[in-house]
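Asks: Per the numbering used here, the first sequence starts with residue 3, numbered consecutively. Ideal placement from N, C-alpha and C gives every residue a C-beta, glycine not left out.
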Amino acid sequence: MRLSKTHVPTLKEAPAEAEIPSHILMVRGGYLRKVAAGVYSFLPLGWRVIQKISRIIREEMTRAGAQEVFLPAVIPGELWQESGRWDVYGEQLLRFKDRKGADFVIGPTHEEAIVDLVRGDVRSYRQLPLNLFQIQTKFRDELRARAGLMRGREFIMKDAYSFHATDEDAQREYQFMYDTYTRIFNRCGLAFRAVEADTGAIGGSLSHEFQVLAETGEDALLACDSCGYAANVEQAKARPPAAAAPSAAALEKVATPGKRTVEEVTAFLGLRPENLVKTLLHLADGKPVAVLVRGDHNLNEIKLKRELGARDLVLASDESVEDATGAPVGFAGPVGLGTPIYCDLEVCAMPSCVCGANVADAHYKNVVCKRDFQPTVCGDFRDAAVGDACPRCESGHLVGYRGIEVGQVFFLGTKYSVPMKCNFLDADGKEKPMIMGCYGIGVTRVAAAAIEQNHDKDGIVWPVAIAPYEAALLSLQVGDPQVTEVAERLYAELGKAGIEVLYDERDERPGVKFKDADLIGLPYRIAVGKKGVAEGVVELKARRSPEVHKVKIEEVVRVVREKVVAERAGGGA
RNA sequence: CGGGGCGUAGCGCAGUUGGUAGCGCGCUUGCUUUGGGAGCAAGAUGUCGUCGGUUCAAAUCCGGCCGCCCCGACCA
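1. In angstroms, rounded to a whole number, what distance separates the CA positions of ALA469 and GLU303?
2. Verify whether the separation of the beta carbon atoms of TYR441 and VAL411 is less than 9 Å.
3. According to DSSP, is VAL71 helix, strand or coil?
4. Where do the ends of the beta strand (DSSP E) carrying ASP506 lie?
5. Buried or exposed: GLN94, going by 16 or more other Cβ atoms within 10 Å of its Cβ?
6. Can you check DSSP and say which residues form a bridge with VAL401?
7. Quick one: residues in its chain with C-beta nearer than 6 Å to the C-beta of LEU282, no 5 flanking neighbours on either side, listed in chain order?
8. Hey, how far is the Cα of THR168 from the Cα of ALA312?
9. Taking buried to mean at least 16 other C-beta atoms within 10 Å of its own C-beta, is VAL503 buried or exposed?
10. Does DSSP classify GLY150 as helix, strand or coil?
11. Buried or exposed: where does ALA494 fall if 16 or more other Cβ atoms within 10 Å of its Cβ makes it buried?
12. Determine the direct distance from the alpha carbon of ASP100 to that of LYS92, and round the result to whole angstroms.
13. Just to confirm my understanding: we take GLY574, look at its own chain, exclude 5 residues before and 5 after, and list those with CB closer than 7 Å. What are they?
14. What did DSSP end up calling ALA575 once you bin it into helix, strand or coil?
15. Return yes when the Cβ of PRO242 is within less than 9 Å of the Cβ of ALA351, no when it is not.
16. ARG189: beta carbon under 8 Å from a heavy atom of the ligand GTP?
17. Quick one, which of ARG546, ASN368, GLU114 has its alpha-carbon nearest THR416's?
18. Helix, strand or coil: which one does DSSP assign to GLU569?
19. Classify ASP287 as buried or exposed, calling it buried when 16 or more other Cβ atoms lie within 10 Å of its own Cβ.
20. Following the continuous beta strand (DSSP E) through GLU265, name the residue where it begins and the one where it ends.
21. Could you tell me the alpha carbon to alpha carbon distance between ALA199 and ALA222, rounded to whole angstroms?
22. So the candidates are CYS226, ILE59, PHE157; which of them puts its Cα closest to the Cα of ALA38?
23. Can you list, in chain order, the residues of its chain whose CB lies under 6 Å from that of MET3, leaving out five sequence neighbours each side?
24. Would DSSP call MET3 helix, strand or coil?
25. Mapping the DSSP letters down to three states, classify PHE333 as helix, strand or coil.
26. If you count every other CB in all the chains shown that lies within 10 Å of the CB of SER397, and 16 or more means buried, which is it?
27. Spell out the partners DSSP gives GLN577 in its beta bridges.
28. Considering only residues of the same chain and omitting the five flanking positions on each side of THR8, which have a CB-CB separation below 6 Å?
29. For the putative contact between LEU151 and ALA450, defined by C-beta atoms under 8 Å, what is the C-beta separation to the nearest angstrom?
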């Protein structure tokens, strides 16, 4: 493609609203323009990237035996009422009425639509298994759209849904999809990691997220430095502590005037945060519960919510805390407390601890779990942390990463098939619910994540597999007949060799072309200049490395072709 | 939804005590330049987010609304 014939409006300065590299560079590089908060138009270069990613996904899903379909973006509200999610999905679900007053939603995900499709036509185990996927525009009315394509409201997603007759078959499919996702992200040329994940609003019993590793990632990940264990911090466990012998020292009340926070109390009493226990009062569906975690640990609300089986869990307001404990905030403790007490395993394992005394300006020392208070439940209610012992192996410890979630696989079981009566007749003539899985990839987010992982101060550094074009061809002096002759010839030959090339034949100064080429970020750059042509050479440079190579004009197409072909399959240079 | 900030030319921004709008980049034309975002000259471009109020006079002061961004809460 000739650059003068394609719409690539590059900018020297990015809009002030763009903050993260992928957003800034996609706008500056002429890939993307904003239409509304979290809603974007793709320009020709941006859409080519999306098409490249989609093609890789399509090829690998098809290869794995899944079949592509296309469900509607607009879904009747009654299907969502049937699944029960009409009431639980909340404000992120964009709802509207048609002219007759019937409820509709714009699909944020398509379990309801696919189940409705499959249950209508599939009656027998002979028609199973089935794995159907689509590449669709979704809309989620995020409480706060941000960061360009990373967290848009409208976005493109590949979603697949599998239906099996038996649990074993469905488990096998889950593993197969996990392997397929690994192939897809490898082909995209991304450094990523699959981690164990929470199932969230989609539900189900088993889930992995595929996380592109990048400093700017929103998700905190923990991985073992010794075995293969890796998990989102929402889900990660640490090895349960060995219980220490309980202290024999007697419970003792100490004055701690005005000392409320962990820092204040530990400084005042000369302790360390790990000697203290935080008592965090929450309202679970409106009822007060207390949670105990060590002073240096973070409560994990997802784990607590799961244990409680609560729909809604919020930190109690100051008034609720005073109602429940009889003391101002900062002095809550489990001793003599009337609410249920959820006690983290690390707290149960402490020989004794310091905690609030449920009266103003006082704490208890030498508090022993099960002697001085009775926990309702002892369990894992904290975030695992960097340095904790691995829950899977004997020797490893957890290290931290940041990641961008680009895909997630779920083992759903019968979460949707039971309420929506997606049943089949088994060989024994019995009606059974289908066993489901669902598998998503954020196509637009993959593009953003690729840039977050691959950019420098000058612009994007695309992996070959998802770059909008594979090479940039720059004519540095369009007024020079020899330069133009060589550039035109190379453009034709690169095309014949099957290289996707963007040919900059604009009447611009060389500096402008170099700057734009760096910004746009195509993997290879061939610069045709007057001096080189006189010597029979052009310059070849890989975007990801600083060296510039002089290559004979007759050889450059072959050299570029070899490099590009080698990298098309993913994995980078 | 809580906290903070912003809305002035395509983009980045300035605009003082209220007096009818400017700078840089980009854009158009010409000449000169031509290996890392050129120089000179001449131009074009505004519902100052919006509605109302105060005033002889509002980008500027006051109020409502809308939009956008950041932090938090939330989230396949």
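Replies: Put simply:
1. 40 Å
2. yes
3. coil
4. 503 to 506
5. exposed
6. ALA225
7. VAL293, LEU301
8. 30 Å
9. buried
10. helix
11. exposed
12. Strictly speaking, residue 92 in this sequence is Gly, with Lys absent from that position. Taking the straight line joining both Cα atoms gives about 20 Å.
13. The predicted model places GLY574 with a pLDDT of 46, which falls under 50 and marks its position as unreliable; any figure quoted below should be read in that light. If we look at GLY574 and ignore the five residues flanking it on each side, its Cβ neighbours are GLY191, PRO465.
14. For ALA575, the pLDDT reaches just 42, beneath the cut-off of 50, and the residue's location in the model is therefore unreliable, leaving the point undetermined.
15. yes
16. With respect to the ligand GTP, the structure offers nothing, as it holds no ligand at all.
17. GLU114
18. helix
19. exposed
20. Element bounds for GLU265: not the beta strand (DSSP E) but the alpha helix (DSSP H), 264 to 271.
21. 11 Å
22. PHE157
23. LEU504
24. coil
25. coil
26. exposed
27. The requested residue 577 is not part of the displayed model; the chain covers only 3 to 575.
28. PRO46
29. 4 Å
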